[in-house]
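Q: I have a structure here, written as structure tokens, and I will follow up with some questions on it.
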Amino acid sequence: MLLKWLKRLSEIGIVDGLEYVDKRSIAVSNNVSTALILISILFLISNPLNYGITVSYNTIITIGVLCVPYALNYLRNYTLAKFFISWTPPLLFLLQMVSFMKTLEVIPDSLFTGSRFFIVAFGCIPYFLFRINPPYKLIISVIPYLLVLMFMDEIFEFFDVSMTHPASADIAYHSVSKLAVFSYLFVSGICISLKYIIQSGDKYNLKLISELEVKNKVIADQAKKDLAIVNQKLQKSLTEVKNREYMLNESQRVANIGSWELNKEGVFTFWSDEMYDIFGLNPDLPANEINLKELVGNENSLKLQKINELLISNPYEKSYETTVLIETSFGYKKWVSFISSAFLEEDGVYGFRGICHDVTKAKESELLLKSSNQKYKNLFEQAYYSILLINSEGIILDANQSFCDLIESKRSLILLKKTSELIEFIDPFIVELKKLNTNEIYELQGIVETQSGEEKIVEVNIKGHGENLHMVVIRDVTKLRLAEEQLRQSESLFRTSFESSALGMAMFDLEGNYFDVNVKFSEITGYTKAEVLQLNFIDIIFKEDRGFDLENFESSLEGNKDYYKVEKRLIHKTGAIVWVNVTVSLIKTEDDKPLHFVSQVEDITDRKYAELELIEAETKFRTLVEKSMVGVYIVKDGKFVYVNQAFATILGYSTEELTEINYIDSIVHPDSKTEVIQNMASRLEGEVDSMRYEIKGIHKNGSIVWVEVFGSKIVYQGSDSIIGTLIDITDRKLHESEQQLFKSVVGSIDEAIISISSRGVINSWNRGAYRIFGIKRKDANSNHLSKIFNEFDLDIDQLVKTTLNEDQAIENIEKPIHVNGENKIITLSIYPLEVGDVDEKGAVVIARDITFSVQAQRALIESELKYRTLVEQAPEALVMYDLEKKVFVEVSKSAEEMFVYSREELLTMSPVDLSSNFQATSDDSNSKLLSYYENAYEIGRQSFNWVFVDSKGKEIPCEVILVKLPSQDRRLVRGSIIDISERIRREQQLAEANKKIGELKLTALRSVMSPHFIFNVLNSIQYFIGKNDRLNAINYLSTFSKLIRSILTHSVDNKISLSDEIQMLKNYVNLEMLRFENQFDFEFVIDSKLDTDSIEIPSLLIQPYVENAILHGLYNKIDKGKLIIAVEEKGDVLYFTIEDNGIGREAAKALKSKNFPKHQSMGLKLTEERLRLINENKNISFYLEDLKDNDGNALGTRVVIGILV
């Protein structure tokens, strides 16, 4: 019993799916805890001096602490359990030793010496629990022992139990501490050696197990087809045998025996509880009302009556036994055995007494046993494997049909032959059959030859089967050996492909740790193979790409996908970014269990950067084409496959319409069709590369549009096409004669060029004039210029007269105008002009739209002013650093004030000159600081924290933000240096405040988990246990423990994930619902879009308001209440809404003042204090609303808490 109990303790926390090494490690940690607990108990009971209250109390506390690893292993916190059991024994020993020393008037030196070597002994525990690789866990667990051994005297002095005389008086004592440390190091070396040997054996065993599983699978596949037919025949009989065997085992284990007493009149005077169970009667039925005849039937009643008569006639007969078949009140038929004896008094037989035994299963077992021998004989004959029965001389006594089929012979020709005549053993037969124990199995390899001459390889297992009898099981493994050879060839081929692959290949385990990579993978990542094998695959993934990769990795482990592909960035050993295309496949065993991952890695860095450059070029080209004023087209197979908006606007169509029509028939004028077809053919046939020509086009409205066409042959989407441009030259064609003087100007600039006669009548109006004034040429021509310009409040007559009369040009007169709702600024220039050969003067008016340049100039001046003001008034120091000259080239006034240097001094310095010699980030602070500036110039931006020193030697902690400045001839970086001394001081204050909050959390916890609540929970658990309702008791206790653990865990944390907070609230509300017997309903509404695992909120913030709603709002409600907790996210704010339909705050306050006038709610006060402290950063909002109907009656309370996430 004790061994079974100890075995159960050692198996706590061991579950299916763990590796053998992990299971053994968990069992060792449990066994260490058990051993230490037993030692504590033996120490307590072995010495009567330990029976005092103090020692007993300390021992109980010790046992309780040593039970913690059981709980941690049960909760799957295996690593924490190992650290706990590694560190706890020396701490408990020191505390016990200090307590013991304090009871002594004189402390002997041997206690100080012995304590060290006890610590050395305890120091072996981590080597039982942790693996050598990875070593960091083992090192962490061993460090406390070394520290305790080195500082043992200081620890004892701290507890005021140091030696009574100076240690210098004892020369040998000086060497004790060093000797203990050296002893522990020596012991550690031995433990590490043993651990290495054990782990090497484990690896070999795991390899053997893996190979055995593969071989067994091959054997099973080989046997599967042959067994299918036999299994169908044996399935029915095997199922029946198993059921009967189960019933037989149960009948041997369970023995329900009832006792009874019967008087001579045939009336029962006593029935035990078991009798009621056997006969299926109500236990409340009195024994004297039970009728034997109705109970067992007429025939059985007569049989029992005859036994009673025999006992009366011969009362000294020991007993009589009979077995009868009865039918219970529930309709069940049972075989019952009655054993009767006489109940004697002085005057003879007084009555009868006896026992009654349910022998139904025994009766059925008898029937089963009768058929078992025949069935087992049938199993021997129908077995798939060949079986022989031989004697100790190897003579074959019997053989089943499978063996006969194996060698293609008859049974009569096999019997009485020697085994060696039929089987040629490959392995030497070194064991005498006479000496083979019944529990031993001897395995051999052999070859059998069939009647047809075929040789088959077989495995032979020989096992003792009684005196001078042995069973030989023979398996045909010919196909298995062939499969093993193919497997070896396949493995060799895989290894060759793996190592010589042009792609990087890597294999990692189910935890993501690499265990094999090829040379190409090392080239891609820059790490050697040995370095990669120390990494997890996440370690070399770029931070922003890790989430998606982890999601696919976990999805594969959950069985949702067998492989996935992803493009991601890796971090090269040098720190550079490497783009790769990765295919990851999950390798599974034959029974579909995950084994490990194989990944193929293709370096696509060059392709990726080329794609980015191509996308950038395409974007620029598309932007240029789409925004161009020139029409752009691509023609393929006689149709437009692309036109831009300018092209469509020229012809009056939409871009979609043009790509659907035949352009020759629709938009080319009949006069130009032949020319267009010939030009297209010339380019497509390669006669010319490109050409420019003018044709007539047809506008959608039917009007003629003159266009200039340019086209070149290209290959587009795999076939010859033509790309070109289209320019609307209709205006130029219509007014070419009038525009001869201005042809070169009009074709090259956007200014408005207007020619007028001496009378001020407009002769020409170019496209620039249309763009500036919004008036078309046809509307402007032949009109008086003053009439047109008067619409824009421009007085032009006097200027024109001056120009014509004085023959003098007027230039660059700036005027504001308003065109189609848009304000513009233009400059007007008027030049005298002689028109043709006639002696008539005219003028040319040139208008330029300078709106953009004026606005840009004003904006530039304003921006420079604002920037200068911003720089001069900025609280942070602003500097400009030249990477080539390695000095500041510009500094702000704030920089002079911060560093207490003049501007002239700062312009001769570099960042290194202002840097402190001691930085937290690097030993070589100068090179590190300069590397930040180089990185900022390379990637465009860099931010970091740094400590600078002013001219007086004062250190200034700063936040530095570096930004690359555009410059054609210099490498400049602008730096913003912000003094964060005040921020650090406030963070320290906030840390102290958080520490205060942490101390207040336990007080808040005591308010939340009040003794009254815990008492009611325990009463509820006791109630379920009393009802033998184990399921509800376990569920209630489990929920209660989860809630307690959750609150204890997060009461010391400032942050908690939203999922943990929701689960804790659910556990708490469910307990309260059970506690108040479902007096209210509960609804939890959570926004489905929320990622509850990634959002963090202040811990233990919501629960006090939920408790307040239940205890003060719903508890005192007469009818059934309802509690609603809603969680939703709006923008960057997470809102918690706690709403109840209770009695309301005013009624609750009145009840509280009446029943508990002096009670104050500490939970809400603590929570409000936390809200106030946290809200110094404006991160939390709080809103409380009393719900009322139209008549002012209370409908409940709503609390809304907003948390900035």
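Numbering of the sequence shown is given in the UniProt record's numbering, commencing with residue 1 and proceeding in unit increments.
Every residue, glycine too, gets a C-beta built ideally from N, C-alpha and C.
#1: Going by alpha carbons, who is nearest to Q645 out of S628, Y70 and E499?
#2: What is the residue span of the alpha helix (DSSP H) that C404 lies within?
#3: Rounded to whole angstroms, what's the CA-CA distance from S492 to A27? Just pull it up for me.
#4: Can you pull the DSSP bridge partners for N763?
#5: Compute the distance between the beta-carbons of K1122 and D1081, then report whether it is under 8 Å.
#6: Note down, in chain order, each residue of its chain lying with its Cβ closer than 7 Å to the Cβ of E671, except the 5 sequence neighbours on either side.
#7: On the DSSP bridge list, what partners appear for C356?
#8: Examine the Cβ distances between the segment 853-863 and the segment 956-965 and report whether three or more of them are shorter than 8 Å.
#9: Of all the options E685, L1090 and F852, which has the alpha carbon lying nearest to the alpha carbon of S719?
#10: Spell out the partners DSSP gives M471 in its beta bridges.
#11: Under the three-state reduction of DSSP, which class applies to S1088: helix, strand or coil?
#12: Would you report the Cα separation of G1196 and L75, rounded to the nearest angstrom?
#13: Go through its chain and collect everything with a Cβ distance to P108's Cβ below 7 Å, but skip five positions before and after it.
#14: Would DSSP call D603 helix, strand or coil?
#15: Short check: CB of Q651 to CB of I661, under 8 Å?
#16: For D545, which residues in the same chain have their Cβ closer than 7 Å to its Cβ, ignoring the five residues on either side in sequence?
#17: Beta-carbon within less than 7 Å of Y563's beta-carbon, same chain only, minus the 5 sequence neighbours each way: which residues are those?
#18: Pull up the distance between the alpha-carbon of G702 and that of H669, whole angstroms please.
#19: Could you spell out the range, first to last residue, of the alpha helix (DSSP H) harbouring I139?
#20: Have a look at V949 and V889 and give me their C-alpha separation to the nearest angstrom.
#21: Measuring only the C-alpha atoms, how far is Q857 from A752?
#22: Does the segment 143-150 come close enough to the segment 87-99 that 3 or more CB-CB pairs lie under 8 Å?
#23: How about K801: is its C-beta nearer than 8 Å to some C-beta of chain B?
#24: Given this structure, state the Cα-to-Cα distance separating V800 from K841, to the nearest angstrom.
#25: Let me make sure I understand the geometry here. Which of Y350, K334 and A991 has the alpha-carbon closest to that of C356?
#26: Taking its Cβ as the centre, do 16 or more other Cβ atoms sit within 10 Å of L1002, making it buried, or is it exposed?
#27: Bridge partners for W946 per DSSP, in chain order?
#28: Where does E211 sit, in a helix, a strand or coil, going by DSSP?
#29: Following the continuous beta strand (DSSP E) through T322, name the residue where it begins and the one where it ends.
#30: Alpha carbon to alpha carbon, how far is I538 from F597?
#31: Starting from residue 1208, follow the beta strand (DSSP E) in both directions and report where the run begins and ends.
#32: Starting from T103, follow the alpha helix (DSSP H) in both directions and report where the run begins and ends.
#33: If I'm right that E1061 touches I1097 with Cβ under 8 Å, what's the distance once you round it to whole angstroms?
#34: Using DSSP bridges, identify the partner residues of S712.
#35: Is L3 closer than 8 Å to L36 when the C-beta atoms are compared?
#36: Identify the residues that DSSP records as bridge partners of I1125: which are they?
A: A quick look at the data gives this:
#1: Here residue 645 corresponds to residue number 645 of the sequence shown, with the count starting at 1. Looking at S628, Y70 and E499, the one whose alpha-carbon comes closest to that of Q645 is S628.
#2: For the purposes of this step, residue 404 is identified with residue 404 of the sequence shown, where counting begins at 1. Note, C404: alpha helix (DSSP H), Q401 to I407.
#3: Here the question's residue 492 lines up with position 492 in the sequence shown. Here the question's residue 27 lines up with position 27 in the sequence shown. Rounded to whole angstroms, S492 to A27 spans 38 Å at the Cα level.
#4: As a first step, residue 763 is located in the sequence shown; it is residue number 763 there, counting from the start. Answer is none; N763 lacks a bridge partner.
#5: The count along the sequence shown starts at 1 and reaches residue 1122 at position 1122. The count along the sequence shown starts at 1 and reaches residue 1081 at position 1081. Against a cut-off of 8 Å, the Cβ pair of D1081 and K1122 comes out as a contact.
#6: For the purposes of this step, residue 671 is taken as residue 671 along the sequence shown, with counting starting at 1. Sequence check: residue 671 is Asp here, not Glu. K696.
#7: Reading the sequence shown from its first residue, position 356 is the one you call residue 356. According to DSSP, which records beta bridges pairwise, C356 is partnered with G258 and F338.
#8: Flag = no, the segment 853-863 and the segment 956-965 do not touch.
#9: As a position in the sequence shown, residue 719 is number 719, starting the count at 1. Answer by Cα proximity: E685.
#10: Residue mapping note: residue 471 aligns to position 471 of the sequence shown, counting from 1. BP columns for M471 point to L389 and K463.
#11: Taking the first residue of the sequence shown as 1, we reach residue 1088 at position 1088. Residue state, collapsed to three classes: coil.
#12: Locating residue 1196 in the sequence shown gives position 1196, counting from the first residue. Locating residue 75 in the sequence shown gives position 75, counting from the first residue. The alpha-carbon atoms of G1196 and L75 are separated by roughly 40 Å.
#13: The residue labelled residue 108 in the question sits at position 108 within the sequence shown. Counting only Cβ-Cβ distances below 7 Å, and skipping sequence neighbours, we find nothing.
#14: In the sequence shown, counting from the first residue as 1, residue 603 sits at position 603. Three-state DSSP puts D603 in a strand.
#15: Residue numbering aside, residue 651 sits at position 651 when the sequence shown is read from its first letter. Residue numbering aside, residue 661 sits at position 661 when the sequence shown is read from its first letter. Before going on, a small fix: residue 651 reads as Leu here, not Gln. Going by C-beta atoms, L651 is not nearer than 8 Å to I661.
#16: As a working mapping, residue 545 is identified with position 545 in the sequence shown. Around D545: K568 and R569.
#17: The count along the sequence shown starts at 1 and reaches residue 563 at position 563. Answer for Y563: T583, V584, S585 and L586, listed in chain order.
#18: Translated into the one-based positions of the sequence shown, residue 702 becomes position 702. Translated into the one-based positions of the sequence shown, residue 669 becomes position 669. Distance between the alpha carbons of G702 and H669: 10 Å.
#19: For the purposes of this step, residue 139 is identified with residue 139 of the sequence shown, where counting begins at 1. Run containing I139: Y136 to M150, per the alpha helix (DSSP H) assignment.
#20: Mapped onto the sequence shown, residue 949 falls at position 949. Mapped onto the sequence shown, residue 889 falls at position 889. Cα to Cα, V949 sits roughly 20 Å from V889.
#21: Residue numbering aside, residue 857 sits at position 857 when the sequence shown is read from its first letter. Residue numbering aside, residue 752 sits at position 752 when the sequence shown is read from its first letter. Taking the straight line from one Cα to the other gives about 22 Å.
#22: yes
#23: Here chain B cannot be found, since the structure has a single protein chain.
#24: Residue mapping note: residue 800 aligns to position 800 of the sequence shown, counting from 1. Residue mapping note: residue 841 aligns to position 841 of the sequence shown, counting from 1. Answer to the nearest angstrom: the Cα atoms are 11 Å apart.
#25: One-based indexing of the sequence shown puts residue 356 at position 356. With respect to the C-alpha of C356, the residue from Y350, K334 and A991 having the closest C-alpha is K334.
#26: Stepping through the sequence shown from its first residue, residue 1002 is reached at position 1002. Note on L1002: pLDDT 45, under 50, position unreliable in the model; no value is reported.
#27: As a working note, residue 946 is residue 946 in the sequence shown. Looking at the DSSP assignment, W946 forms a beta bridge with C958.
#28: One-based indexing of the sequence shown puts residue 211 at position 211. If DSSP states are grouped into helix, strand and coil, E211 belongs with the helices.
#29: Within the sequence shown, numbered from 1, the residue matching residue 322 stands at position 322. That run of the beta strand (DSSP E) goes Y320 to E327.
#30: One-based indexing of the sequence shown puts residue 538 at position 538. One-based indexing of the sequence shown puts residue 597 at position 597. Roughly 14 Å separates the two Cα atoms.
#31: With the chain running from 1 to 1205 in the structure shown, residue 1208 is simply not present.
#32: Taking the sequence shown and counting its residues from 1, the one referred to as residue 103 is at position 103. First-last for T103: undefined, no H or E at that position.
#33: By 1-based counting over the sequence shown, the position of residue 1061 is 1061. By 1-based counting over the sequence shown, the position of residue 1097 is 1097. With 8 Å as the limit, E1061 and I1097 qualify as a contact, their Cβ atoms being about 6 Å apart.
#34: Sequence index remark: in the sequence shown, residue 712 carries index 712 (1-based). Per DSSP, S690 and I723.
#35: Here residue 36 refers to the residue found at position 36 of the sequence shown. Here residue 3 refers to the residue found at position 3 of the sequence shown. No, these two residues do not count as a Cβ contact at 8 Å.
#36: Residue mapping note: residue 1125 aligns to position 1125 of the sequence shown, counting from 1. F1084 and I1138.
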